[in-house]
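Structure, as structure tokens:
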Amino acid sequence: MQYSFGNMISLMQISTFKKDFLVDPFTLHDEIRSELKLKIEDPGTLLIVHGGAN
Numbered sequence: 001m002q003y004s005f006g007n008m009i010s011l012m013q014i015s016t017f018k019k020d021f022l023v024d025p026f027t028l029h030d031e032i033r034s035e036l037k038l039k040i041e042d043p044g045t046l047l048i049v050h051g052g053a054n
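Numbering (this note's numbering) for the sequence shown: 1 to 54.
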């Protein structure tokens, strides 16, 4: 059985030097589009992205 939400991210992991966070993007959609977008687009932010498959 394959679990998929098509081309939508279904879980985000965000880490700092002190803490790790798992984020449900379905419940925080508006916050991700507004607040997190600014941080991701900041050239001073180290961003590591990987693809996953079931």
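Virtual Cβ for every residue (Gly too), placed ideally from N, Cα, C.
Bear in mind that the values here come from a model prediction, so they are computed numbers and not experimental data.
By how many angstroms is the C-alpha of residue j removed from the C-alpha of residue i?
{"i": "histidine 50", "j": "asparagine 7", "result": "14 angstroms"}
{"i": "leucine 46", "j": "leucine 11", "result": "19 angstroms"}
{"i": "threonine 16", "j": "leucine 22", "result": "12 angstroms"}
{"i": "leucine 29", "j": "aspartate 42", "result": "Sequence inspection shows histidine at residue 29; the leucine mentioned does not correspond to that position. Distance between the alpha carbons of histidine 29 and aspartate 42 is about 19 angstroms."}
{"i": "lysine 39", "j": "aspartate 20", "result": "16 angstroms"}
Name the two residues that bound the continuous beta strand (DSSP E) containing residue i.
{"i": "leucine 38", "result": "Not the beta strand (DSSP E): leucine 38 falls in the alpha helix (DSSP H), residues 37 to 40."}
DSSP puts residue i in a beta bridge; with which residues?
{"i": "aspartate 20", "result": "Ser15"}
Just verifying my parser: in three-state terms, what is the DSSP assignment at residue i?
{"i": "histidine 50", "result": "coil"}
{"i": "isoleucine 9", "result": "coil"}
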